[in-house]
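Here is the structure we will look at, set down as structure tokens.
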Amino acid sequence: NAGVTQTPKFQVLKTGQSMTLQCAQDMNHEYMSWYRQDPGMGLRLIHYSVGAGITDQGEVPNGYNVSRSTTEDFPLRLLSAAPSQTSVYFCASRGGTLIENSPLHFGNGTRLTVT
Amino acid sequence: AQRVTQPEKLLSVFKGAPVELKCNYSYSGSPELFWYVQYSRQRLQLLLRHISRESIKGFTADLNKGETSFHLKKPFAQEEDSAMYYCALSGSGGYNKLIFGAGTRLAVHP
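Top to bottom, those sequences are chains A and B. Each residue of the first sequence is one higher than the one before, starting from 1 at the first, in our numbering. Each residue of the second sequence is one higher than the one before, starting from 116 at the first, in our numbering.
This is how it looks when you write it as structure tokens:
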């Protein structure tokens, strides 16, 4: 199992550009989520999904869109990048609803810089 | 508001010294607390959770509801313990909305 795979590892964008951060997991996990990690602020939840076709907002959803068309994939879209979105982004998944307290499995992260 | 506070950005100790990474939380309900760790060039991963009452890699953490704390302790630090440690809270949002602290970097010197 590859676990949680994020692409790309690094990305530089100009203000106003759009892009999609990819996240895929091969563990058949129902729950997937996106966090951003900023110095001094820890990890903050952007969006999450508890299954295909279901998404919900986290703590800092503004400026980001998500969709969950399959169990495996949970892309994060930045429609118009802003310097405030410069961060390290982590995708995480967790086992199904019958294992609610199962641990989060994290990807390796995507380091995004917006100039 | 629900919050996790890790007051130390950096904790620097020598090998063999005791370690205590502090975590305080604010939540009026019955919380569940976790410690996650990120070693250099590795993924963030679960270290331990309070409901399991387990010791992982020599680390333990006790939930103190009176002091709203969940400090991570190890009696004798090892160089391989050097990592970034995050305390996390499952509050009213449940397991779907874990709240993380800002993290503490532990540096264990030889």
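From the three backbone atoms N, C-alpha and C, an ideal C-beta is built for every residue, glycine too.
Ile166(B), enclosing beta strand (DSSP E) - first and last residue: Counting along the chain, Ile166(B) falls outside any beta strand (DSSP E), and DSSP gives it neither H nor E.
Residues sharing a beta bridge with Thr175(B), DSSP: Lys188(B)
Terminal residues of the beta strand (DSSP E) in which Leu221(B) lies: Taken as a continuous stretch (DSSP letters only), the beta strand (DSSP E) holding Leu221(B) covers 219-224.
Leu76(A) at chain B interface by Cβ criterion, 8 Å: no
Cβ shell of Ser18(A) (< 8 Å), same chain only, five flanking positions each side left out: Answer for Ser18(A): Arg77, Leu78, Leu79, Ser80, Ala81, listed in chain order.
Exposure label - Asp177(B); buried when at least 16 CB within 10 Å: exposed
Sub-8 Å separation of Gln6(A) and Asn108(A) beta-carbons: yes
Outcome for Gln193(B) when other beta-carbon atoms lying within 10 angstroms are tallied against a minimum of 16: exposed
Cβ separation of Tyr140(B) and Thr183(B), assumed to be a contact under 8 Å, to the nearest whole Å: Yes, Tyr140(B) and Thr183(B) are in contact; Cβ-Cβ is about 5 Å, under 8 Å.
Within-8 Å CB hit, Tyr201(B) to chain E: Note that chain E does not occur in the displayed structure, where the protein chains are A and B.
Secondary structure of Ser84(A), DSSP reduced to three states: helix
Other residues of its chain near Thr86(A): CB distance less than 7 Å, five sequence neighbours each side excluded: Leu112, Thr113, Val114
Other residues of its chain near Leu126(B): CB distance less than 6 Å, five sequence neighbours each side excluded: Take Leu126(B), set aside five residues on each side of it, and the residues of its chain with a beta-carbon closer than 6 Å to its own are Thr219, Leu221, in chain order.
Top-ranked residue by Cα proximity to Val50(A), from Gln37(A), Thr70(A), Val60(A): Thr70(A)
C-beta neighbour in chain B for Phe90(A), strict 8 Å: yes
Where Gly16(A) sits in the DSSP three-state scheme: Secondary structure of Gly16(A) (DSSP, three-state): coil.
Sufficient close CB pairs (3 or more, under 8 Å) joining the region 26-36 of chain A to the region 186-203 of chain B: no
Distance CB(Leu45(A))-CB(Gly58(A)) smaller than 8 Å: yes
Selection from Leu163(B), Met199(B), Lys180(B), Arg156(B) that minimises the alpha carbon distance to Gly173(B): Leu163(B)
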